[in-house]
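Novice: One structure coming up, written as structure tokens, with questions to follow.
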Amino acid sequence: KAGVTQTPRYLIKTRGQQVTLSCSPISGHRSVSWYQQTPGQGLQFLFEYFSETQRNKGNFPGRFSGRQFSNSRSEMNVSTLELGDSALYLCASSLPAGGHNEQFFGPGTRLTVL
Amino acid sequence: GESVGLHLPTLSVQEGDNSIINCAYSNSASDYFIWYKQESGKGPQFIIDIRSNMDKRQGQRVTVLLNKTVKHLSLQIAATQPGDSAVYFCAETGGYSTLTFGKGTMLLVSP
Chain D
3 KAGVTQTPRY LIKTRGQQVT LSCSPISGHR SVSWYQQTPG QGLQFLFEYF SETQRNKGNF
63 PGRFSGRQFS NSRSEMNVST LELGDSALYL CASSLPAGGH NEQFFGPGTR LTVL
Chain Z
2 GESVGLHLPT LSVQEGDNSI INCAYSNSAS DYFIWYKQES GKGPQFIIDI RSNMDKRQGQ
62 RVTVLLNKTV KHLSLQIAAT QPGDSAVYFC AETGGYSTLT FGKGTMLLVS P
């Protein structure tokens, strides 16, 4: 069974630009979550999507947005990039249903903002 | 590779030793506590979890202990191997798929 895939793996942008990152969950997984990882702040929850609906959202500005498609694939978008947005963006997928489900992480997209 | 290890506390052990990694959590209402391992260039990988109504759970070479009185979680790795070298994160969740991660500890295992 293929794992969670994220594209692109590396990305370099300049301040003010916008970026779209993609995540393909494990087949059969309908929940997709996004996390930002930086050396200073660690791993922070961005948002979670389930059945094309945002179910939870972390404490990030509105420049960060996402969506999920009917095939469970998800994208996140960051507009008006700032230097502080440089980070590893991780996507995780899990099975449907409520309660605790093991999350499987992708390798991440390394975003560098110059 | 990704510099996830910067600014992290580090535990250095010899191969064959037992390792204990500690974590303090903040939310008394969390239902589950999970340990993840992250190797350089990879996303976090699930190791073991424990429900809030338990105080100990064992896996293969790993044991997680939960002390709700002092909001403390620990991961014990028996007979640590060089392949165990990684950054270890504890995480807590109150449900669904929202994880709150701790800062992480880097484990370095010398042969």
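Residue numbers (the working numbering), protein chains in the order written: chain D, 3 to 116; chain Z, 2 to 112. All residues carry an ideal CB built from backbone N, CA and C; glycine is no exception.
1. Distance check for Gln59/Z and Gln43/D, CA to CA, integer angstroms please.
2. Please classify Lys57/Z: is it buried, with 16 or more other beta-carbons within 10 angstroms of its beta-carbon, or exposed?
3. Is Ile22/Z near Phe34/Z, with beta carbons less than 8 Å apart?
4. Report the three-state DSSP secondary structure of Gly86/D (helix, strand or coil).
5. In whole angstroms, what separates the C-alpha of Ile14/D from that of Leu48/D?
6. Could you tell me whether any Cβ in chain D is nearer than 8 Å to the Cβ of Thr101/Z?
7. Ordered along the chain, which non-local residues of its own chain (more than five positions away) have a Cβ less than 6 Å from that of Gln19/D?
8. Applying a beta-carbon distance threshold of less than 8 Å, which residues of chain Z neighbour Pro109/D?
9. Taking the continuous beta strand (DSSP E) assigned at Met107/Z, which residues delimit it?
10. Please name the residue, chosen from Arg57/D, Ser96/D, Ser74/D and Val21/D, that lies closest to Phe87/D on a Cα-to-Cα basis.
Specialist: Taking the coordinates as given:
1. 30 Å
2. exposed
3. no
4. helix
5. 20 Å
6. yes
7. Leu83
8. Gly42, Lys43 and Gly44
9. Thr106 to Ser111
10. Checking the sequence shown, residue 87/D turns out to be Asp, not Phe. With distances taken between Cα atoms, Asp87/D lies closest to Val21/D.
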